[in-house]
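S.K.: Structure below; questions to follow.
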Amino acid sequence: MSGSNHIQPDNQFVYRLISAKCSYGSMSHPLNVAEAGGGHGVLFGPEAQPVLNANDWRPDVNVIHFGDCTPREQNIETGEAVEKKGFEKFWSGVVEFFTAQKCAPIIDQVWYETDDRYLIDGAPVLLMKGMLFCKRGGIITIEVTEPENNDGEGAEKTQEQVQADMKQANAEVEASVDQALAEGKIDAETAQFMKDGYSEALQFANGDIDMANQLFADLTTGGGDTYNSSEAQFDKFKLYLQHNDSPLAEASCGSMKLSDSSGGSVALGDVVASTLAQSQKSAQESKGTDEQAVPIITDMLGHLT
24 MSGSNHIQPD NQFVYRLISA KCSYGSMSHP LNVAEAGGGH GVLFGPEAQP VLNANDWRPD
84 VNVIHFGDCT PREQNIETGE AVEKKGFEKF WSGVVEFFTA QKCAPIIDQV WYETDDRYLI
144 DGAPVLLMKG MLFCKRGGII TIEVTEPENN DGEGAEKTQE QVQADMKQAN AEVEASVDQA
204 LAEGKIDAET AQFMKDGYSE ALQFANGDID MANQLFADLT TGGGDTYNSS EAQFDKFKLY
264 LQHNDSPLAE ASCGSMKLSD SSGGSVALGD VVASTLAQSQ KSAQESKGTD EQAVPIITDM
324 LGHLT
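The numbering of the sequence shown is our numbering, which starts it at 24 and goes up by one.
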């Protein structure tokens, strides 16, 4: 599709054949409009395609599929995702899916992030920053396509590779947090917040460690006046947490501290912000090398003395 291989602004209208992706899916897929009437009568984009509105969310009509689905856990009877309540373990009566299942979206809500100033058939027009929630636990977003890479590098990972990388990153974070807890550098509440917060950020970012680092840093400050990711991205992350009934959506870590060997303590948010700034500086200096991003928590606790 012409005009699709460049970055689209968040406030641009979404039209037929723009692709969406799911955080649990193995592939992206173009959005569609209902065949009857061919859409809502408003055309947009380089190929004059029908514009979508908030009501264009229906599975098998507007949202088709995203390949294979790898949810965290599902209820055996309903197929819906089972999420954590507080910091407790998952309920009994669920089965964990370690292998991918065919995507069959379960959606019963309209799109988030629409523009109320423009109504089509009585519903707000859908924007590029739009977001849907699948009851299997996935978050569906509009695909923002990067400029084409013609040097042959940066091949996309499969969803299996992404899941394996996420498992490894979370294991590294848990190991470093457990060690810091054992050494008395953090308390149990802070340790659990760090584990859960980073795991959710990494899941939302679909394994992108740089993005997960930024989202976790924003989570420790509640966003504040400035954002390490972006205000729109962090708002999506908070909606994702709220949708999953995560206590992290309302969590406050203002009183959480980290201790060093001298007996002093510093606010968690300050250490995270400082570590992120330093890692971004190092990444800029080593641009073009094969140096891989590391979880901010592992980096932060590794330098804490």
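All C-beta atoms, glycine included, are put in the ideal place defined by N, C-alpha and C. Being a predicted model, the structure only gives us computed values, none of them experimental.
1) Kindly indicate which three-state DSSP category residue 70 falls into: helix, strand or coil?
2) Looking at the secondary structure, which residues open and close the alpha helix (DSSP H) in which residue 323 lies?
3) How long is the line joining the alpha carbons of residue 149 and residue 75, rounded to whole angstroms?
4) Just the C-alpha distance for residue 333 and residue 221, rounded to the nearest angstrom, thanks.
5) With burial defined as no fewer than 16 other Cβ atoms inside 10 Å of the residue's Cβ, what is the status of residue 223: buried or exposed?
6) I'd like to confirm the pairing. Which residues does DSSP put opposite residue 149 in its beta bridges?
7) Are the CB atoms of residue 160 and residue 85 within a distance shorter than 8 Å?
8) Residue 37 by DSSP, collapsed to three states: which one?
9) What runs of the beta strand (DSSP E), each 3 residues or longer, lie entirely inside the segment 219–294?
10) In angstroms, rounded to a whole number, what distance separates the CA positions of residue 283 and residue 233?
11) Reducing DSSP to helix, strand and coil, say where residue 42 ends up.
12) Classify residue 285: buried if its beta carbon has 16 or more other beta carbons within 10 angstroms, exposed otherwise.
13) Out of curiosity, what's the CA-to-CA distance linking residue 249 and residue 296?
14) Could you tell me whether the Cβ atoms of residue 37 and residue 153 are closer together than 8 Å?
15) Using beta-carbon positions only, say whether residue 62 and residue 90 come within less than 8 Å of one another.
16) Which same chain residues, not among the five before or five after residue 72, have their C-beta less than 6 Å away from its C-beta?
17) For residue 125, name the three-state secondary structure that DSSP assigns.
18) Shortest alpha-carbon distance to residue 124 belongs to which of 144, 93, 134?
19) For residue 93, which three-state DSSP category applies?
20) Identify whether residue 55 lies in helix, strand or coil by the three-state DSSP scheme.
21) How about residue 319 and residue 200: do their beta carbons lie closer than 8 Å?
22) Between residue 242 and the rest of its own chain, which residues show a CB-CB distance below 6 Å, the 5 nearest in sequence each way excluded?
23) Determine the DSSP secondary structure at residue 167, reduced to helix, strand or coil.
24) Can you name, in chain order, every residue of its own chain whose Cβ lies under 6 Å from the Cβ of residue 87, other than the five neighbours on each side?
25) According to DSSP, is residue 189 helix, strand or coil?
26) Taking only the alpha-carbon atoms, compute the straight-line gap between residue 305 and residue 269 and give it to the nearest angstrom.
27) For residue 229, collect the residues of the same chain with a Cβ closer than 7 Å to its Cβ; drop the 5 residues on either side in sequence, then sort them by chain order.
28) For residue 154, write down the residues that DSSP places opposite it in a beta bridge.
29) Please list, in chain order, all residues of the same chain as residue 127 whose beta carbon is under 6 Å from its beta carbon, the five residues on each side excluded.
30) In whole angstroms, what separates the C-alpha of residue 203 from that of residue 308?
M.R.: The short version:
1) Here DSSP, grouped into helix, strand and coil, assigns residue 70 to coil.
2) Its alpha helix (DSSP H) spans residues 319–326.
3) Approximately 6 Å between the Cα atoms of the pair.
4) Any property of residue 333 remains undetermined from this structure, which presents the chain solely from 24 to 328.
5) Residue environment: residue 223 is assigned as buried (16 or more neighbouring CB atoms within 10 Å of its CB, all protein chains considered).
6) In DSSP, residue 149 forms a bridge with 137.
7) Not a contact, by the Cβ cut-off of 8 Å.
8) Three-state DSSP puts residue 37 in coil, outside helix and strand.
9) Whole beta strand (DSSP E) segments, 3+ residues: 280–282, 288–290.
10) Going by C-alpha positions, residue 283 is about 26 Å away from residue 233.
11) Note: residue 42 maps to strand in three-state DSSP.
12) In the assembly as shown, residue 285 is an exposed residue. Its beta-carbon has fewer than 16 other beta-carbons within 10 Å.
13) When rounded, the distance between both Cα atoms is 11 Å.
14) It is a contact, given that the beta carbons lie within the stated cut-off.
15) Contact flag unset, no.
16) For residue 72, where only same-chain residues beyond five positions count, the Cβ hits under 6 Å are 38, 39, 40.
17) Residue 125: strand per DSSP, three-state reduction.
18) Comparing Cα-Cα distances from residue 124 to each of 144, 93, 134, the minimum goes to 93.
19) The three-state reading of DSSP puts residue 93 in coil, since its state is none of H, G, I, E or B.
20) Coil at residue 55, not helix or strand.
21) Not a contact, by the Cβ cut-off of 8 Å.
22) Only 220 meet the Cβ criterion.
23) The answer is coil: DSSP assigns residue 167 none of H, G, I, E or B.
24) Closer than 6 Å at the Cβ level, and outside the excluded window around residue 87, lie 52.
25) Under the three-state reduction of DSSP, residue 189 is assigned to helix.
26) If I take the Cα positions, the gap works out to 33 Å.
27) So the list reads 46, 185, once near-sequence residues are dropped.
28) BP columns for residue 154 point to 135, 164.
29) Nothing listed; no residue qualifies.
30) Those two C-alpha atoms are separated by around 29 Å.
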